[in-house]
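Keeping their order, the protein sequence lines are chains C and R. Numbers given in our numbering equal positions in the first sequence, counted from 1, plus 9. Numbers given in our numbering equal positions in the second sequence, counted from 1, plus 9. Positions of the beta carbon are idealized from the N, C-alpha and C atoms, including for glycine. Predicted model, so just to flag it, every value in this text is computed and none were measured.
Protein chains: 2
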Amino acid sequence: MAGGDILLHNPIMKRHVLIFGLVGGLLIATLQYTEYRFVIIEHSVELYSALVAILFATFGIWLGLRITRSRETIRETVVVKEVLVPAEALAPSEAPFAPNTAHQQTLGITARELEILNLIARGFSNREIATQLFVSENTVKTHCVRAFDKLGAARRTQAVLRGKELGLLP
Amino acid sequence: MAGGDILLHNPIMKRHVLIFGLVGGLLIATLQYTEYRFVIIEHSVELYSALVAILFATFGIWLGLRITRSRETIRETVVVKEVLVPAEALAPSEAPFAPNTAHQQTLGITARELEILNLIARGFSNREIATQLFVSENTVKTHCVRAFDKLGAARRTQAVLRGKELGLLP
DNA sequence: TCGAAAATCATCCGAAAGGATGACGACAAC
DNA sequence: GTTGTCGTCATCCTTTCGGATGATTTTCGA
Numbered sequence: 010m011a012g013g014d015i016l017l018h019n020p021i022m023k024r025h026v027l028i029f030g031l032v033g034g035l036l037i038a039t040l041q042y043t044e045y046r047f048v049i050i051e052h053s054v055e056l057y058s059a060l061v062a063i064l065f066a067t068f069g070i071w072l073g074l075r076i077t078r079s080r081e082t083i084r085e086t087v088v089v090k091e092v093l094v095p096a097e098a099l100a101p102s103e104a105p106f107a108p109n110t111a112h113q114q115t116l117g118i119t120a121r122e123l124e125i126l127n128l129i130a131r132g133f134s135n136r137e138i139a140t141q142l143f144v145s146e147n148t149v150k151t152h153c154v155r156a157f158d159k160l161g162a163a164r165r166t167q168a169v170l171r172g173k174e175l176g177l178l179p
Numbered sequence: 010m011a012g013g014d015i016l017l018h019n020p021i022m023k024r025h026v027l028i029f030g031l032v033g034g035l036l037i038a039t040l041q042y043t044e045y046r047f048v049i050i051e052h053s054v055e056l057y058s059a060l061v062a063i064l065f066a067t068f069g070i071w072l073g074l075r076i077t078r079s080r081e082t083i084r085e086t087v088v089v090k091e092v093l094v095p096a097e098a099l100a101p102s103e104a105p106f107a108p109n110t111a112h113q114q115t116l117g118i119t120a121r122e123l124e125i126l127n128l129i130a131r132g133f134s135n136r137e138i139a140t141q142l143f144v145s146e147n148t149v150k151t152h153c154v155r156a157f158d159k160l161g162a163a164r165r166t167q168a169v170l171r172g173k174e175l176g177l178l179p
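Shown next as structure tokens:
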């Protein structure tokens, strides 16, 4: 049930769905309107269908991505809370790794910054990171600079080193 | 490039996109076909549009979910690898660290190159490394390029990662 | 619902890193 | 003495990073 709640009772999602419906309605209305105003070429049904299909497929993909993204964020915060307590008694063998939130907090490193640090540590370039996270390269660079600043690092290799020293990275 | 590779050069993704296109084409074809076979009710364009829209929106959302899911899976497997390998080469706290000479030999990595890899892993820039080793920056860069080539790395962060995986670096 | 924090994106610039290629001396192995 | 490897250095060029700055949008908590 929680999954549904997260998706449906989320105001952000509500707005997206609303926009989705609105755009759909508008499109249909436009279609109907144009039918009376302009000359409809023969066999235009499939053309319209294709257009609408492409449009909505794109929008659908975007929405799908969007949904999972916000779901991931929610999940992350939950996980952090969850892991926090057993962290003291954690076996060093199997754990999915819990970053040292104490250090993270004192340094003021945000979740997103840590996420990017992680990808840097895995050897990805800024462009690759941008692609993976569905943001622009500029954004990644901004996060990088801020994270480096907070870590007192001048380079990404140094940032990775510091991150591992502080238990922020696996 | 790897980010794009994960999504676009992924056989699973390719199949999805293929299916996506196929379904789209089939739908359009069906639409065209039915136009000649059945009686088309008046104002059916918007009906068809709505139908197609809903269908493709659903499909799009599904695809979006699918994409992010496989992306997560890929990321997870990477993590598993990362955790798995260095586990065996984990130093028992005190040893001054002995690099895996077997891997070093098979890859043809020279001592000097390993030395430079080590300094890279410690977060030094090429210039700093040059100063420490009393050689020119150009020399350091040459060693870097050769080492990266042997390790199959495109970046120093990647080289460090590979080096640790192979037990060449502490 | 208001404001702070976070995330996003952009542009500009200089520095660092990466890639290709050629060259030269030292040294060991054949 | 020839060959091959290694270390050294250089030049030229392209790409990537890092830093500064400003703006907008999202998100979240009071």
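| Query | Result |
| --- | --- |
| Are the CB atoms of Asn127(C) and Val149(C) nearer to each other than 8 Å? | no |
| Given that a residue counts as buried once 16 or more other Cβ atoms are within 10 Å of its Cβ, and exposed if not, what is Val2(R)? | Only positions 10 to 179 of chain R appear in this structure, which leaves residue 2(R) out of reach. |
| Identify the continuous alpha helix (DSSP H) that holds Ile118(R) and give its terminal residues. | Where Ile118(R) is concerned, there is no enclosing alpha helix (DSSP H), given that its DSSP letter is neither H nor E. |
| From the beta carbon of Gln141(R), is the nearest beta carbon of chain C less than 8 Å away? | no |
| Tell me the rounded alpha-carbon separation between Ala111(R) and Asp158(C). | 39 Å |
| Name the chain C residues whose beta carbon is nearer than 7 Å to that of Gln4(R)? | Because chain R spans 10 through 179 in this model, residue 4(R) falls outside it and cannot be assessed. |
| Just checking Ala139(C) against the ligand NAP - is the residue's beta carbon closer than 7 Å to any of the ligand's heavy atoms? | Because no ligand of any kind appears in the structure shown, any question about the ligand NAP cannot be addressed here. |
| Just confirm the distance between the C-beta atoms of Leu160(C) and Asn109(C), as a whole number of angstroms; I'd bet it's less than 8 Å. | About 13 Å separates the two Cβ atoms, so there is no contact after all. |
| Going by CA-CA distance only, name the one from Arg155(C), Phe143(C), Ile138(C) that's closest to Leu116(C). | Arg155(C) |
| Can you check which of these residues, Pro105(R), Cys153(R), Ala163(R), is closest to Glu122(R) by C-alpha distance? | Cys153(R) |
| How far does the alpha helix (DSSP H) with Ala139(R) in it reach, from first residue to last? | 135 to 142 |
| Between Ile129(R) and chain C, is the shortest Cβ-Cβ distance under 8 Å, so that the two count as touching? | yes |
| What are the residues of the region 150 to 177 of chain R that lie near chain C, defined by any Cβ-Cβ distance shorter than 9 Å? | Ala162, Ala163, Arg164, Arg165, Thr166, Gln167, Ala168, Val169, Leu170, Arg171 |
| Let me know the secondary structure DSSP gives Arg165(C) once reduced to three states. | helix |
| Check Leu178(C) in the structure and name its three-state DSSP category. | coil |
| CB-CB under 6 Å to Glu146(R), same chain, minus the five flanking residues each way: which ones, in chain order? | Asn135, Arg136, Ala139 |
| From which residue to which residue does the alpha helix (DSSP H) around Arg155(R) run? | 146 to 160 |
| Round the Cβ separation of Arg131(C) and Gly132(R) to the nearest angstrom and send it over; I've been treating them as touching at under 8 Å. | Rounded, the Cβ-Cβ distance is 16 Å, inconsistent with contact. |
| So, for Arg171(C): in the same chain, excluding its five sequence neighbours on each side, which residues have a beta-carbon less than 6 Å away from its beta-carbon? | Leu160, Ala162 |
| Determine the direct distance from the alpha carbon of Pro179(R) to that of Lys173(R), and round the result to whole angstroms. | 6 Å |
| Among the candidates Ile129(C), Leu142(C), Ala120(C), whose CA atom is the shortest distance from the CA of Gln167(R)? | Ile129(C) |
| State the Cα-Cα distance for the pair Ile125(R) and Ile118(R), rounded to the nearest angstrom. | 11 Å |
| Could you tell me whether the Cβ atoms of Leu177(R) and Gln113(R) are closer together than 8 Å? | yes |
| Looking only at its chain, what residues have a beta carbon closer than 8 Å to the beta carbon of Gln141(C), apart from the 5 residues adjacent to it on each side? | Leu128, Phe133 |
| Just the C-alpha distance for Pro105(R) and Val144(R), rounded to the nearest angstrom, thanks. | 26 Å |
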